[in-house]
Structures are given as structure tokens and as C-alpha cells.
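Worksheet: the structure to be examined is printed underneath.
Residue numbers (the working numbering): 29 to 160.
Below is the structure:
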């Protein structure tokens, strides 16, 4: 089977570090697809859950390793932290090779339209003002 080729891929709310994470399916998708741009749009790693109940099987590391490999061979990876991986916000505006960590991004589609890319947790009243 040939790899699928996309201009851009958006992935959100993976929640690596949780038992409910579908890391095997994500890894299979990442292995079978390539893109010019890869947007990781919040809650990729669930630091909230990791703090309470650490869980990190090998497949979760494999997902991270695959994303890093894609960046190394030219995919522009943009990581936009969400509320569950808000720890990463301290690294916003940092570029590590082909990986950018930003609070929001603008993506230009093939036909020239501009898309604002953000996780959206900052618009959630509960997560913004009523942190438990």
C-alpha cells in the first residue's frame, strides 16, 4: 500500500498518557500518510492525567517518535498547546527544527484562503475561570 499524501493534516485531542488514547490507530495513520504541514492542535499529551495516574506505554512514545521523524524529513510541524498540555505554552514562539510551538497559527489553503488554527480551550468558560 502506498502512503497517502496530503498538503495538511490536523490532529487534536489525542490525550497521550491516558488508557483511552487510540495511539495504535493514530500511529497507523501517521505511518500511512505524509503531508507538507502537520498541525497538532491541543491536548496531544494529557499532562493532567499523567500527574494523577502515570500511564505511558511504548506506543505513545512511538507516536512522538514518528512525529519527530516527520519533522526531521521536512514536514512543517506546528504544535498548539491546549488545556491538557498547557505546560507546553511556556515554549510558545519557539522553533525546534521543523517544529513550531505557538498559541495559534494561520494556515493558507491551496486555493489561498486563510484558516485560523487554535485549540479553543481559551473560549471555554469552565476551563478558563473555574479551574478545579
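C-beta: ideal position from N, C-alpha, C; glycine also.
Asked, Found
"Outcome for residue 139 when other beta-carbon atoms lying within 10 angstroms are tallied against a minimum of 16", "exposed"
"Sheet register partners of residue 90 (DSSP bridge)", "The partner list for residue 90 (beta bridge, DSSP) is empty, contrary to what the question assumes."
"Residue 61 to residue 55 span [Cα, whole Å]", "10 Å"
"Euclidean distance between Cα positions of residue 77 and residue 114", "13 Å"
"Beta-bridge partners of residue 38, as assigned by DSSP", "67"
"Residue 91, buried or exposed, once every other Cβ within 10 Å from all chains shown has been counted against 16", "buried"
"Outcome for residue 70 when other beta-carbon atoms lying within 10 angstroms are tallied against a minimum of 16", "buried"
"First through last residue of the alpha helix (DSSP H) which encompasses residue 80", "75 to 80"
"Cα-Cα separation, residue 58 to residue 93", "11 Å"
"Simplified DSSP assignment, three categories, for residue 133", "strand"
"Among 63, 39, 64, the one whose alpha carbon lies nearest that of residue 53", "39"
"Pair within 8 Å by beta-carbon distance, residue 112 and residue 49", "no"
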